[in-house]
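Presented below is the structure to which this report refers.
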Amino acid sequence: MSQAVGINFKKSSIDALIAGFMALVLFGPIVGVVLDGYGFNTEFVRVAWMVAAVAVGRFVMSSFFQTEKGIAMAFRYANNDEGVEVLKPGHKSKMVWIIPLVIVIGLLVPFIASKYVLTVVILGLIYVLLGLGLNIVVGLAGLLDLGFVGFYAIGAYGLALGYENLGLGFWSMLPIAALMAAVAGAILGFPVLRMHGDYLAIVTLGFGEIIRLILTNWASFTHGPNGVSAPLPTFFGLEFKRRSSEGQTFHEFFNIPYDSAYKYMFIYIVLFAVVWAVLFIKHRLVKMPIGRAWEALREDEIACRSLGLNHVLVKLSAFMLGASTGGLAGVFFATYQGFVNPSSFTFFESALILAIVVLGGMGSTLGVVIAAFCLTVLPEMLREFAEYRVLMFGILMVVMMIWKPRGIVRVTRTGFAARKGVVK
Amino acid sequence: MNQENILAVENLVMHFGGIKALNDVTFDIKRGSVSALIGPNGAGKTTVFNCLTGFYKATGGKILLSAGGKETSIIKVLGEPFQVTDFFSPFAFFARLKYKMFGGSHLVNRAGLSRTFQNIRLFKEMSVVENLLVAQHMRVNRSLIAGILNTKSYRKAEEEALERVFYWLGVVDLVDSANRLAGELSYGQQRRLEIARAMCTNPEIVCLDEPAAGLNPSETEALTKMIRVLRDEHNTTVLLIEHDMGMVMDISDYIVVLDHGEVIAKGGPDDIKSNPKVIAAYLGAEEGEEVTL
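Sequence lines, in order, name chains A and B. Every letter in the first sequence is one number past the one before it in the working numbering, and letter 83, counting from 1, is 83. Every letter in the second sequence is one number past the one before it in the working numbering, and letter 235, counting from 1, is 235.
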C-alpha cells in the first residue's frame, strides 16, 4: 500500500456490517426478547436502534482511522506504553505550584460546597487514603493484595467497637486503629511470605473474606449484620450533636445555630490534613532506602536477597505500612457514616481499591489521587443513569486500560546529578 | 578464623531428589586471589555457586566463609532442621529457630559474599543509580523517622551512598548512563552494572557467574581489566564461572575443574592446561592425545 491516505469506503462498510451483525447477536436476545409473565414480547425497534447505532459508530470510526489524522492518532496511542521515565537531575516539578493551590481550594471546599458535595468529597478522600495504602503493597512492593478491605474493616470496626466496649473516641482510635491494622498486616504477611502473584492474590482474597465473615458471624461481639454505631469526632471535647448528654456541644459553645453539616466540615478538615500527611510520608518513603527496597523486591526478589536485603522484613514492612493506611481510612469511614456493618466491606471494595491503584498507575502517587476521585465521584455524577452506572463504569475502565495501559500518570524516577565518586 | 583461605568448601553434597548434582566437592579459595570454577555444561558449577551464595541449602558438607573478622557457616545461617539435642539446650534451640525464621541468603551477603547471576537480574525499571543504591541498603541510614524528616545524618548517609555509586559507575564505565533505566542498557553494560551492584554491598569475596557470556572480545578484555582492579585495588577475592578459556587462563591464579559433580582437578592455569583428566572431560579425547586448551 503506497497511498495510505484516502478513505476506503468499502472497507468501512464491511467493518460496519460486521460490527452491526455482532451487535445483533449480542443485543438480540438480551434487549429484543422481554419476558412478560409466562410469555415474552419481541422488541424489534429497540434492537434495530442499537444495532444501527453500533454500525454507524463503527463506520465513522473506521473511516476516521483511515484519514491522516486518524492514522497519526492510532500511531500515537500505539506507542505510548513506554512506561517509566527517569527525570533530569535538576528537575523542578510543577507540583510546587499546584500543591499550594490545591491546599487552598481544598480548605475552601467545606465553606462553599453543599452538604451533599462535601460528603462525596469526603468519600473521595477516604478512597485516596485506601489507594495510597494499597499502592505501597501492590504498586511499590508488587504484592498483589485482593483482601485490602480487611484492613479497612479493622479500622472501621476498631472505632465502633472501641467506643462501645472501651469508651475510646475518634482521636484515640485514630492511631490505635492504624496500629491494629498494621499488626493484622503482619499477621497476614507472615504466612504469605513465600507466595507470589496469583497464589498471593488468592490467599489475601481469603483473608479479606475471613474478616468479613467474622464480622458477620461473631454476633455477640460485633452485632453481626446489624452493625454497630460509630462515634463522631470531637473538637477539643466539644461534640457535634444537637444535644449532648454530657458537656457542651460545638454549636452551643460558639453560640451558632445547629447545622448537621458542621460535623462533615470537621471530618473533612481532619481527613484533609491526614491525607496530606500520608501523601507527604509516601512521597518521602519512595525516596528512602525502604521505598527503594520495596521497588527492588517488586523487580526481582532473588537479586534483592543476593544484595543482603531481608525480604521477610521488606515484605512485612510493605504490608504493615499499607495496612495501617487502610486502617486510618476505616476510622474515617466509620465516623463519617456513623454506623458500620459488614456489607460495607465486601470483595467489591477490594476490587475497587485495586482498580484505583491500577488505573492511577502502579506506584504513582498523583495517579492514585486522581483515580480515587474519578472512581468515587464519577459514580455519584452518573446517578441519573441509575441502572447503567456499573455498565458505564466498566466501559470507562476498559477504555482507560486500552488507552493508557500503564495508568493515568506516567511513573517517573528521580535523576541524580553526577558527582565525584569516593569510596571509603 | 582462617587467614589464608577466605572460603573453605568441604565434602559439599547436593541432591535434588534422586539426582546427585554434587558429590563430595572440596576446595579452598585463597584470600585475594582470582579463582575460576570451570567444567563442561552440566558439571554442577552453578549448583556450587548457588550453594556458596545460599540460594540452595546444601544436602551435606561444610561451607565456611571467613570474612569481616568472623567465620560464618553458610549452611547454618540458612536454617538447619532441629536436632534432638536442641530440645535440651534452649540456647541452641533459639539460635536455630532464629535462623529458621529470619535466616536466608541475605545473611550470606551480609557476611561478606556477593554474587552476580548467569541470566542478568537487574532491577530493570529502576535507574542505574537506584540499582546501586539498593545494593547499599545495609550501609545507609534506614531509620524511618530520620528519612521522613530528612535529617542531617540521613542526608549525609545518602550523599555518601551516592558518592560510592558514582565511584563504582566510574570503575565500570557507566557514569554517562547513570540516569537511564537499567533495562534500557545494552547487554554488556548490564553485565558491568551487575558487577558494580555486587561490589556496592562491600563484599570481601565476589562470585561472578559467567561474567563474559555474550560479550565481544574487546568487552571481555575490559572485563578482565576490571576484575584485576577489584582484586588489586579493593582486595576483593574473585571467584568466577566462565566458559571463555582464554580469559580464565589469563586472569586466574587458581582453577577448580568440575565434572559430573566432582572436582577432577585443582591448581594453577598451567597445571590445568596440561591435565589429561581435564582435557578428557572437555573433549572426550583419549588420554595422551595432544590437545591444548
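Just so you know, even glycine gets a beta-carbon here, dropped at the ideal spot from N, CA and C.
{"Item": "State the beta-bridge partners of B/Ile19 as determined by DSSP.", "Value": "B/Phe16"}
{"Item": "With distance defined between alpha-carbon atoms, name the residue in B/Leu230, B/Ser274, B/Tyr282, B/Thr237 nearest to B/His243.", "Value": "B/Tyr282"}
{"Item": "Along the chain, where does the alpha helix (DSSP H) containing A/Thr335 start, and where does it finish?", "Value": "311 to 337"}
{"Item": "Could you check whether the Cβ of B/Tyr254 sits closer than 7 Å to any Cβ belonging to chain A?", "Value": "no"}
{"Item": "Note down, in chain order, every chain B residue with its Cβ under 7 Å from the Cβ of A/Asp300.", "Value": "Arg121, Phe123"}
{"Item": "Could you have a look at B/Gly112 and say whether DSSP puts it in helix, strand or coil?", "Value": "coil"}
{"Item": "Excluding five sequence neighbours on each side, which residues of the same chain lie with their C-beta closer than 7 Å to the C-beta of A/Phe207?", "Value": "Gly147, Gly150, Leu188"}
{"Item": "At 7 Å on the CB atoms, spell out the chain A contacts of B/Met138, in chain order.", "Value": "Gly308"}
{"Item": "Do A/Ala334 and A/Val128 come within 7 Å of each other at the CB atom, strictly closer than that value?", "Value": "no"}
{"Item": "With a threshold of 6 Å on Cβ separation, who are the neighbours of B/Leu293 within its own chain once the five nearest residues in sequence on each side are excluded?", "Value": "Per-residue confidence for B/Leu293 stands at a pLDDT of 47, beneath the threshold of 50, marking its modelled position as unreliable; the derived number appears in the next sentence. Correct list, in chain order: Met245, Lys273."}
{"Item": "Apart from the five residues on each side of it in sequence, which residues of its chain come closer than 7 Å, Cβ to Cβ, to B/Val108?", "Value": "Thr53, Gly54, Ile74, Val77"}
{"Item": "Skipping 5 residues on each side, what residues in its chain have a beta carbon closer than 7 Å to that of A/Ala224?", "Value": "The sequence shown places Gly at residue 224 of chain A, not Ala. Excluding sequence neighbours, A/Gly224 sits near Thr216, Asn217."}
{"Item": "Tell me whether A/Lys420 sits in a helix, a strand or coil according to DSSP, three-state version.", "Value": "coil"}
{"Item": "Going by C-alpha to C-alpha distance, which of A/Val31, A/Leu271, A/Leu297 sits closest to A/Val121?", "Value": "A/Leu271"}
{"Item": "Please state whether DSSP places B/Leu65 in a helix, a strand or coil.", "Value": "strand"}
{"Item": "According to the neighbour-count rule (16 or more other Cβ atoms, all chains shown, within 10 Å of its Cβ), is B/Phe91 buried or exposed?", "Value": "exposed"}
{"Item": "Using a Cβ-Cβ cut-off of 7 Å, state whether A/Ile281 counts as contacting chain B.", "Value": "yes"}
{"Item": "Roughly how many angstroms lie between the CA atoms of A/Pro233 and B/Arg115, to the nearest whole one?", "Value": "54 Å"}
{"Item": "To the nearest angstrom, how far is it from the Cα of B/Asp271 to the Cα of B/Arg31?", "Value": "20 Å"}
{"Item": "May I have the straight-line CA-CA distance separating B/Ile251 from B/Ile38, to the nearest angstrom?", "Value": "13 Å"}
{"Item": "Taking DSSP as the reference, what is the three-state secondary structure of A/Lys94?", "Value": "coil"}
{"Item": "Does A/Pro289 come within less than 7 Å of chain B when only Cβ atoms are used?", "Value": "yes"}
{"Item": "Where DSSP assigns a beta bridge to B/Gly267, which residues make up the other side?", "Value": "B/Ile255"}
{"Item": "Indicate whether at least one CB of chain B lies closer than 7 Å to the CB of A/Gly421.", "Value": "yes"}
{"Item": "Using beta carbons (cut-off 7 Å, strictly below), is B/Met14 in contact with chain A?", "Value": "no"}
{"Item": "Determine the chain A residues that contact B/Leu169 at a beta-carbon separation under 9 Å, and present them in chain order.", "Value": "Ala418, Gly421"}
{"Item": "Is any beta-carbon of chain A found at less than 7 Å from that of B/Ser127?", "Value": "yes"}
{"Item": "List the residues of chain A that B/Leu133 touches, going by C-beta distances under 8 Å, in chain order.", "Value": "Pro289, Arg292"}
{"Item": "Which runs of the alpha helix (DSSP H) at least 4 residues long sit entirely within the segment 19 to 94 of chain A? Give them in chain order.", "Value": "44 to 64, 68 to 78"}
{"Item": "Does the beta carbon of A/Ala296 come closer than 7 Å to any beta carbon on chain B?", "Value": "yes"}
{"Item": "Does B/Phe166 have its Cβ less than 7 Å from a Cβ in chain A?", "Value": "yes"}
{"Item": "How would you call A/Tyr268, buried or exposed, if buried means at least 16 neighbouring beta carbons within 10 angstroms?", "Value": "buried"}
{"Item": "Could you tell me the distance, in whole angstroms, from the CA atom of A/Trp294 to the CA atom of A/Met173?", "Value": "28 Å"}
{"Item": "Considering only residues of the segment 125 to 168 of chain A, which uninterrupted alpha helix (DSSP H) runs meet the minimum length of 4 residues and lie entirely inside it, listed in chain order?", "Value": "149 to 161"}
{"Item": "Is the beta carbon of A/Phe319 less than 7 Å from the beta carbon of A/Gly185?", "Value": "yes"}
{"Item": "Please determine whether the Cβ atom of B/Thr59 lies at a distance below 6 Å from any heavy atom of the ligand FAD.", "Value": "With respect to small molecules bound, the structure shown includes none, and the ligand FAD cannot be examined in it."}
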